[in-house]
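Inspection log for the structure reproduced underneath, given as structure tokens.
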Amino acid sequence: MKISTKGRYALRMLLDLGEHRNDGFIALKEIAERQNISKKYLEQIIPILNQGGMLRTERGAQGGYQLARSPEHYTVGEILRLTEGSLAPVACLEQEPNLCDRQDSCATLPVWQGLYRVITEYLDGITLQDILDQAHARAGGDYVI
10 MKISTKGRYA
20 LRMLLDLGEH
30 RNDGFIALKE
40 IAERQNISKK
50 YLEQIIPILN
60 QGGMLRTERG
70 AQGGYQLARS
80 PEHYTVGEIL
90 RLTEGSLAPV
100 ACLEQEPNLC
110 DRQDSCATLP
120 VWQGLYRVIT
130 EYLDGITLQD
140 ILDQAHARAG
150 GDYVI
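Read left to right, the sequence shown gives residues 10 to 154 (our numbering).
Pasting the structure below:
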């Protein structure tokens, strides 16, 4: 499994919104500048995050984006599943139930199931707030994501 720039940039964008959650609606241009990410690329990620219920949007001169929930209610796993699709390490685990013809005789299936469980538990155990708190602790409260 490899996380694409779409997933990484979505996480950075949401972290930026979490960091600036008390600043009202944030213009996409500001996020793009702070995160050194193309505004055009972020414009492609916005619809995915909107459809997933992660953002509040406001149109107009004072418009922009905000988190729909507080940062402690977003997990990295949730964000990556939304932007990347399945986090399964092998195709046969992408659907439930597993429809693979070889599942009953596959010697490696338990390995992949274990890896998938570890990935899921780890990423679902980290919230945006956890990342923000760790970054603040490392940088003494003055940092860039």
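For glycine and all other residues, C-beta sits at the position ideal for the given N, C-alpha and C.
Here the structure is a predicted model, which means the values were calculated and not measured.
Asked	Found
Span of the alpha helix (DSSP H), counted from its first residue to its last, around leucine 51	48-60
Contacts around leucine 118, its chain only, beta-carbon distance under 7 Å, and the 5 residues preceding and following it disregarded	Gln112
Glycine 62, buried or exposed, once every other Cβ within 10 Å from all chains shown has been counted against 16	exposed
8 Å contact criterion, which isoleucine 57 and threonine 14 should meet: CB distance rounded	Actually they are not in contact, since the Cβ atoms of isoleucine 57 and threonine 14 sit about 13 Å apart, beyond 8 Å.
Cβ-based neighbour list, glutamate 67, same chain, cut-off 7 Å, excluding 5 preceding and 5 following	Phe34, Gly73
Segment contact, 8 Å Cβ cut-off, at least three pairs: the region 134-151 with the region 89-104	no
Glutamate 105 versus leucine 64 - alpha carbon distance	28 Å
Beta-carbon proximity of valine 85 to leucine 132, cut-off 8 Å	yes
Assigned exposure category for alanine 70 - 16 Cβ within 10 Å defines buried	exposed
Separation of glutamate 130 from aspartate 3, as counted between CA atoms	With the chain covering 10 to 154 only, the question about residue 3 has no answer from this structure.
Cβ separation of glutamine 122 and glutamate 81, assumed to be a contact under 8 Å, to the nearest whole Å	Glutamine 122 to glutamate 81, Cβ: 29 Å. No contact.
Buried versus exposed, by CB contacts within 10 Å (16 or more), glycine 27	buried
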